[in-house]
Amino acid sequence: RIFYPMVIFEQEEFPGSLNTFNCPIVSGYPDVVRSAVDPEGRGNIPLDRPTISFRDGELLRKGCWKYLRSLGVPKRTFNMAFEKALLSRDLYKRNVREESSRVVEKARKEKGLVILILGRPYHVDRLINHKITEMITSLGADVITEDSVPMAEEGLEDVQVLTQWQYPNRVYNAAKWALTQDNVEVVQLNSFGCGPDAIVCDEARAILASGGKNHTLLRIDELSSPGSIKLRLRSMMESLNLRGMGTRFEPSRRVNTPSYSHEDRKRKILVPHFSRFHSPFITAAFGSMGYDIETLPEPDRQSVEVGLKYCNNEICYPSIIVIGDLLKGLMSGRYDRNEVAVGITQTGGQCRASSYLSLLKKALISAGFEDVPVVTVSLSKQKLNEQPGFRIDRGKLQRKGVTGLLYADSIMQMYNSTVVREPEKGGASEAADRYVHMGAEAVMENRDEDLVDILGRAVKDFNAVETHDRELPVIGFVGEIYVKYSPFGNFFVVDWMLKNGVEVIVPPIFDFFAQEYLNPRFHVRSLTKPMSLKYFTSWPEEWYVRYHMRRFERVKEGFKHHRRSHYIGDLSRDASDIVTMVDQFGEGWLIPAEIGAFARDGINNVVCVQPFGCISNHIIGKGVEKALKARYPELNILYLDMDPGSSEVNIYNRLNFMVRSAREDLLFKCCPEPVSG
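In this note's numbering, the protein residues as written are 200 to 876.
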């Protein structure tokens, strides 16, 4: 059998760090192996994928016992083995650190150089690291690794990124420790496509620069030339010899943006444009709480260019657009920098999107706006940003979020179903704009209960728009939240398909947030998180959500092109056959759940969009494609990666084939047998 556990949380090593996540690739890959390789189906080899959490000792014990009990291991044997395993782990870590201390001290006495290697656990493999450690020792230096150094005295509190992943937290700690050692220099190993390293490498460099230390970054993959790597290392050693060991550069002062204080409440908060249907409700919700929120115009190519200039170019496409758009707004000259702040959302989860806040702050500083405060809105109750002046009523925000998003989703769905059937364009767009404005105005004025009545009027007006009754080809549309709902972010592919006579079904954004009512239960059942208040309140919250969903659904049933909405609980049950429900990074289990729902509704052509290099959604999207198609054989899924350098011609060419397939499916549905004569 194959043992491949799903490890969401690592052991906490650094007090003050926000979380101990593994990256989505590490924790989610067992599901990819199950889908792509299918060892059980192909070779009758069991694939064991127990969920294990190292963050909580009691949950670790329960998770290990749950798995080993299924293999017939006696409880007494397990207890003895588990205690010995804990002791062995602690002994190993202590021995490694003691040996590292001995190496550093010996080198200090002999006036020798020690190279600290920053990397991932897999970088200890000689096949992967191209024998870099041996190259370094052949040049006369000793080598230690980031997991062998002691805790930095200052901890991680002043690290200027979100300390969400455990292995990057080790890197930050090791870099801070290196600042205290005159005979230690740093080399960082980076493998191509490592998502977290787009953030980690920049922060490690900044930490070292703050103490005048050099940061040597080696990018390695299967194509790297050992000769060029050795040349880089030799150049580094020569440079250190010329400088003299212990000699440092002029330290660079670390700057941070100011916190959003009580005095800043008078500032206008600029937020990036997200969606024609949803952005006005975000502005209205916070406006009703007394904040002056302004949504910027839709982004454009200039937003991307600015983002590329001030962001690490390997970070997600949405962050490049959003950060570039905020900077473009500040650079426009329309706003007094002393009277403005910028706002951004943050998940606080396993995905790189949780670090957009720190990326935005660094970009502001690089662009010369270090005096502009940043505010963030998050579903997480962790303290992710210093903003004492930004206080929101969570209960009120939840109420407005539930009704506002249900309403906005309804307008979006009626618009998409109407505009594609209009012989004379204009009526659907005018109705959508009018009712988005009316709904947002009601939210702003705290008339949220009026949204159901306003939606009833919207249904009548959309029904009044002249449309044809021909059956149309249908394509489902899923993906990462920003590129899914932002027309600019997805290269306007939804508009393009609508103009080409295809009805595009875009699932409601509401489901993305409704996951939060179910996810605590999956964690508790999987023994990855203990029971908490969030777990117990999930049932009354779910009842509240279902109550409002039914109210809006009853009104939408009057729309002449209405399609029944799927309840998030039903979606989760179906997704559990495809992925493990602790896959909650990115869009989590929602993407395979939505694709499955389309297939059950007879919509077999689906477009899935995600940013290029989105490690989260490639796991729960393309990574489980084989499992999805095994369950729904008629599925035809087109995966589109969105990136600043993406070719629109290529995207639309591939979409053309998808549209042709949808039309052929419709033709077969209407005329399944060939007509003779």
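Ideal Cβ positions, reconstructed from N, Cα and C, are used throughout, including at glycine.
message = At the level of alpha carbons, what is the spacing between S685 and I481?
response = Computed Cα separation, rounded: 14 Å.
query = Going by alpha carbons, who is nearest to N679 out of E665, S554, S458 and G820?
reply = Looking at the sequence provided, one finds Glu at residue 679 rather than Asn. Here the closest residue by C-alpha is G820.
query = Between which two residues does the beta strand (DSSP E) carrying M205 extend?
reply = It spans M205 to F208 - the beta strand (DSSP E) in which M205 sits, taken as one unbroken run.
request  = Rounded to whole angstroms, what's the CA-CA distance from S775 to S860? Just pull it up for me.
outcome  = Roughly 29 Å separates the two Cα atoms.
request  = Please report the residue range of the alpha helix (DSSP H) in which Y634 lies.
outcome  = That run of the alpha helix (DSSP H) goes G626 to M643.
query = So what does DSSP say about C807, is it helix, strand or coil?
reply = Strand, per DSSP.
key: Alpha carbon of K759 to alpha carbon of D660, nearest angstrom   = Separation of K759 and D660 (C-alpha to C-alpha, rounded to the nearest whole angstrom) is 11 Å.
task = Please name the residue, chosen from K429, R749, N278 and N221, that lies closest to S337 on a Cα-to-Cα basis.
result = Closest option to S337, Cα to Cα, is K429.
task = Take the Cβ of N852 as the centre, count every other Cβ of all protein chains shown within 10 Å, and call the residue buried at 16 or more, exposed below.
result = Within 10 angstroms of the beta-carbon of N852 lie fewer than 16 other beta-carbons, which makes it exposed.
request  = Verify whether the separation of the beta carbon atoms of L671 and G700 is less than 9 Å.
outcome  = The beta carbons of L671 and G700 sit closer together than 9 Å.
inquiry  = Nearest by alpha-carbon distance to F811: which of I514, A657, A484 and Q549 is it?
reply    = Nearest of I514, A657, A484 and Q549 to F811, Cα basis: I514.
query = Is E212 helix, strand or coil when you go by DSSP?
reply = Note: E212 maps to coil in three-state DSSP.
query = How many angstroms separate the CA atom of T544 from the CA atom of D396?
reply = A direct Cα-to-Cα measurement between T544 and D396 gives close to 21 Å.
query = So is P575 buried or exposed if we call it buried at 16+ other beta carbons inside 10 Å?
reply = Sequence inspection shows Thr at residue 575; the Pro mentioned does not correspond to that position. So T575 counts as buried.
Which listed residue (N718, E786, G567 and S502) has its alpha carbon closest to that of F687 = Taking only the C-alpha atoms, the option nearest F687 is S502.
request  = Mind checking which residues open and close the beta strand (DSSP E) that includes A540?
outcome  = Segment V539 to Q545, the beta strand (DSSP E) holding A540.
message = With H, G and I counted as helix, E and B as strand and the rest as coil, what does DSSP make of N689?
response = Coil at N689, not helix or strand.
task = Ignore the nearest five residues each way along the sequence and tell me which others in R536's own chain have a CB closer than 8 Å to its CB.
result = Once the five neighbours on either side are set aside, the close Cβ partners of R536 are L529, F568, D570 and V571.
query = In chain order, what residues of the same chain lie with their CB nearer than 6 Å to the CB of S771, ignoring the 5 residues before and after it?
reply = Within the same chain, S771 has close Cβ partners L717.
request  = Quick one: using the 10 Å Cβ neighbour count with 16 as the cut-off for buried, is P498 buried or exposed?
outcome  = P498 should be labelled buried.
message = DSSP three-state label for I244, please.
response = In the three-state reduction of the DSSP assignment, I244 falls in the coil class, being assigned neither a helical nor a strand state.
request  = Name, in chain order, the residues that DSSP records as bridge partners for S577.
outcome  = BP columns for S577 point to Q545.
key: Candidates A792, D782 and C807, of which the one nearest G548 by Cα   = Cα-wise, what sits closest to G548 is D782.
ask   = Start and end of the alpha helix (DSSP H) containing T602?
value = Bounds of the alpha helix (DSSP H) holding T602 are R593 to V618.
request  = Leaving aside the five residues before and after V874 along the sequence, list all residues of the same chain whose C-beta is less than 7 Å from its C-beta, in chain order.
outcome  = Residue placement at V874 cannot be trusted, given a pLDDT of 49 that sits under 50; what the coordinates show is reported in the next sentence. Cβ-Cβ distances below 7 Å link V874 to nothing in the same chain once the five nearest sequence neighbours on each side are left out.
message = For T336, report the span of its alpha helix (DSSP H) as first-last.
response = That run of the alpha helix (DSSP H) goes I331 to S337.
query = Given P425, which residues of its chain have a CB within under 6 Å of its CB, disregarding the five upstream and five downstream residues?
reply = Hits under 6 Å: H329.
query = Three-state secondary structure (DSSP) at L417?
reply = It is a strand residue.
task = For the region 745-752 and the region 595-608, state whether three or more C-beta atom pairs, one from each stretch, are separated by less than 8 Å.
result = Inter-segment contact for the region 745-752 and the region 595-608 is present: three or more beta-carbon pairs are separated by less than 8 Å.
query = At which residues does the alpha helix (DSSP H) containing T276 begin and terminate?
reply = T276 -> alpha helix (DSSP H) spans K274 to K308.
Local conformation of Y716 per DSSP, three classes = Three-state DSSP puts Y716 in a helix.
ask   = Assuming Y203 contacts R248 under a Cβ cut-off of 8 Å, what Cβ separation, rounded to an integer in Å, is found between them?
value = A Cβ-Cβ distance of about 6 Å is found for the pair Y203 and R248, placing them in contact under the 8 Å criterion.
query = If we ignore side chains and look at the alpha-carbon of each, how far apart do G768 and F711 end up?
reply = Counting only the Cα atoms, F711 lies some 12 Å from G768.
query = Hey, out of V573, G443, R452 and D420, whose CA is closest to I406's CA?
reply = The shortest C-alpha to C-alpha distance from I406 to any of V573, G443, R452 and D420 is the one to R452.
query = Which partner residues does F202 have in the DSSP bridge list?
reply = Paired residue(s): D247.
inquiry  = In whole angstroms, give me the CA-to-CA distance for C510 and A562.
reply    = Whole-angstrom Cα-Cα distance: 6 Å.
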